[in-house]
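Protein chains in written order, with the numbering used here: chain U, 4 to 149; chain H, 13 to 213.
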């Protein structure tokens, strides 16, 4: 049973209404993420919140999460592949864990303990630029040969 | 011999394939680490100081196109504005990486189906290698190459629909950097540097 409704503006004086089953994926995702962040649960896990969202909106997400800490404080754990999300200069390398798949399982490394990433940040790179290779699938260029 | 660790930074996927072949041509001297690439030369201009800083921990190889700039050294200096660390290798393709591909005249002529005589002896002298390559491909005896690499006549774009894929396949399967080096001085010097480089720790 749909329970979200929005009106949209167009040439007709009494604009049409849309129900959630007519919303775009991005709109639904954004409503869902904001809703979850406003809940009073002490911990929230967001799996790739960037999915379906416009890149310009994704770049705003870290700031929104920080602002909502004031009204609904909680620990937020985000998994992401998003370069855009990590362009926010308010995210520190000490807040990022790099997950690397290996034959023995996934290795978890704090980003600020990886020498190359630490040096790149010292050299002025953004976190997004410094982490880009770790977010890129190893053999992605093989798709070009497909 | 223990391979030298090397992180890479480049403009696009095609250059990435060319670097893989260059490094393979040095006989496995290198173990490739991170691959930094986000499309376009603006990215390298922005990130080069960071790679310079990180070069003290792990050598970096950066490959960029000279494009319309007059001088490779001046281009590097304009991005770096600090002392270049000895472990930061920057090689500039004159004027574009496409020229390095055309420089392997024999294999290029075979793969792209164009006469050898139309390929210059000095690939570094080609002014706009992308356009030169697209115009050549348009006359290919293989319709598949022409349609993939060159846009249809009158189309408002400069490259064909599978330009990158076609060139990448050529590089991965056919391009021989050693053959190409005899027709591109910037490539010959890049290979020589990679064959002799010893990191400073």
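Just so you know, even glycine gets a beta-carbon here, dropped at the ideal spot from N, CA and C.
Alpha-carbon spacing of residue i relative to residue j, whole angstroms
i              : j              : result
residue 86(H)  : residue 55(H)  : 17 Å
residue 49(H)  : residue 194(H) : 28 Å
residue 110(H) : residue 21(H)  : 17 Å
residue 13(U)  : residue 21(U)  : 13 Å
residue 76(H)  : residue 53(U)  : 31 Å
residue 112(U) : residue 97(U)  : 10 Å
residue 16(H)  : residue 74(U)  : 52 Å
residue 73(H)  : residue 139(U) : 18 Å
residue 37(U)  : residue 169(H) : 41 Å
residue 148(H) : residue 125(H) : 9 Å
residue 106(U) : residue 141(U) : 14 Å
residue 145(U) : residue 44(U)  : 43 Å
residue 65(U)  : residue 32(H)  : 36 Å
residue 101(H) : residue 11(U)  : 55 Å
residue 64(H)  : residue 47(U)  : 39 Å
residue 26(U)  : residue 136(U) : 34 Å
residue 185(H) : residue 71(U)  : 53 Å
residue 156(H) : residue 164(H) : 12 Å
residue 7(U)   : residue 16(U)  : 22 Å
residue 30(H)  : residue 183(H) : 6 Å
residue 147(U) : residue 174(H) : 9 Å
residue 132(H) : residue 138(H) : 8 Å
Supposed contact pair residue j and residue i - C-beta distance, whole angstroms, cut 8 Å
i              : j              : result
residue 133(U) : residue 124(U) : 5 Å
residue 99(H)  : residue 67(H)  : 4 Å
residue 83(U)  : residue 51(U)  : 6 Å
residue 79(U)  : residue 49(U)  : 7 Å
residue 119(U) : residue 19(H)  : 7 Å
residue 206(H) : residue 34(H)  : 6 Å
Cβ neighbours of residue i in the same chain (closer than 7 Å, five flanking residues each side left out)
i              : result
residue 196(H) : 111, 112, 115, 135, 136
residue 58(U)  : 87
residue 37(H)  : 189, 190, 203
residue 78(H)  : 84, 87, 104, 105, 106, 107
residue 52(H)  : 23
residue 130(H) : 148
residue 92(U)  : 129
residue 212(H) : 98, 99
Spatial neighbours of residue i in its chain, beta-carbon cut-off 8 Å, leaving aside the 5 residues before and after
i              : result
residue 29(U)  : 55, 56, 57, 60
residue 61(H)  : 91, 92, 93, 94
residue 13(H)  : 41
residue 152(H) : 124, 125, 126, 158, 161
residue 142(H) : 108, 110, 170, 171
residue 128(H) : 117, 118, 121
Nonlocal neighbours in the same chain, by C-beta distance under 6 Å from residue i, ignoring five residues either side
i              : result
residue 26(H)  : 176, 179, 180
residue 39(U)  : 47
residue 149(U) : none
Identity of the residues DSSP links to residue i by a beta bridge
i              : result
residue 157(H) : DSSP output for residue 157(H) lists no bridge partner at all.
residue 18(H)  : 44(H)
residue 22(U)  : 8(U)
residue 78(U)  : 46(U)
residue 104(U) : 109(U)
Taking only runs that begin and end inside the region 41-126 of chain H, name each unbroken alpha helix (DSSP H) of 4 or more residues, in chain order.
-> Counting whole runs of 4 or more residues, the region 41-126 of chain H contains the alpha helix (DSSP H) stretches 53-66, 84-92, 109-114, 117-124.
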